[in-house]
Amino acid sequence: PNKDLPHSKVVNLSARVGSISDNRLGGWYSYRMSKTALNMFTKTLSVESKRDKVIVISCHPGTTDTDLSKPFQKNIQRDKLFSVESSVSMMLEVIWKLQPNDSGKFFAYDGSEIPY
Numbered sequence: 025p026n027k028d029l030p031h032s033k034v035v036n037l038s039a040r041v042g043s044i045s046d047n048r049l050g051g052w053y054s055y056r057m058s059k060t061a062l063n064m065f066t067k068t069l070s071v072e073s074k075r076d077k078v079i080v081i082s083c084h085p086g087t088t089d090t091d092l093s094k095p096f097q098k099n100i101q102r103d104k105l106f107s108v109e110s111s112v113s114m115m116l117e118v119i120w121k122l123q124p125n126d127s128g129k130f131f132a133y134d135g136s137e138i139p140y
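Numbered per my numbering, the sequence shown spans residues 25 to 140.
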């Protein structure tokens, strides 16, 4: 690999419910398992991609105002329900700041790291 080239970035759109250690509510079995599997893929791919200068992360977009979240929005604080545009903008800020040592991690829309 050319050491002068910038790192490529792979960002997998995950969800906080994919964090095993952050599971305090239970439920959503299929959705949780699929996001947890995606996070495992992220971690595994990050190990294999370091030599190719590729940063690989999972990113939680926050609760975004989409059809998927509609049934649950009544339980969400207004300042924690994001428009699609706002969610994407915040995730792009996280993505632009990624460094090689961030590869394999799981981040929230605000840049905080989420434990697996």
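Backbone N, C-alpha and C fix where the C-beta goes; we use that ideal spot for every residue, glycine too.
Enclosing beta strand (DSSP E) for residue i [first to last residue]
{"i": "lysine 33", "result": "32-37"}
{"i": "isoleucine 138", "result": "Element bounds for isoleucine 138: n/a, residue is neither H nor E."}
Nearest candidate by alpha-carbon position, reference residue i, set the options
{"i": "serine 54", "options": "Lys67, Ser45, Ala39", "result": "Ala39"}
{"i": "isoleucine 119", "options": "Lys94, Asp103, Ser136, Gln97", "result": "Ser136"}
{"i": "isoleucine 79", "options": "Ser58, Lys121, Asp89, Ser43", "result": "Lys121"}
{"i": "cysteine 140", "options": "Ser73, Lys77, Asn47", "result": "The residue asked about is misnamed: residue 140 is tyrosine in this sequence, not cysteine. Selected option, being the one with the closest Cα: Asn47."}
{"i": "threonine 90", "options": "Leu69, Ser58, Ala132, Val112", "result": "Val112"}
{"i": "lysine 74", "options": "Tyr133, Ser32, Glu117, Phe131", "result": "Ser32"}
{"i": "leucine 37", "options": "Gln97, Asn99, Pro95, Ser82", "result": "Ser82"}
{"i": "isoleucine 138", "options": "Ser45, Ser107, Gln123", "result": "Ser45"}
{"i": "alanine 132", "options": "Glu72, Pro95, Asn125, Glu117", "result": "Glu117"}
{"i": "glycine 42", "options": "Leu105, Val34, Arg56", "result": "Arg56"}
{"i": "threonine 87", "options": "Ile100, Lys77, Lys59", "result": "Ile100"}
{"i": "aspartate 134", "options": "Leu92, Trp52, Asn125, Lys104", "result": "Lys104"}
Counted within 10 angstroms of its Cβ, other Cβ atoms place residue i as buried (16 or more) or exposed
{"i": "proline 85", "result": "buried"}
{"i": "threonine 68", "result": "exposed"}
{"i": "lysine 129", "result": "buried"}
{"i": "methionine 64", "result": "exposed"}
Identified DSSP bridge partners for residue i
{"i": "leucine 122", "result": "Bridge partners of leucine 122: none, in fact."}
With a floor of 3 residues, list each beta strand (DSSP E) that falls wholly inside the region 62-101, ordered by position along the chain.
-> 78-84
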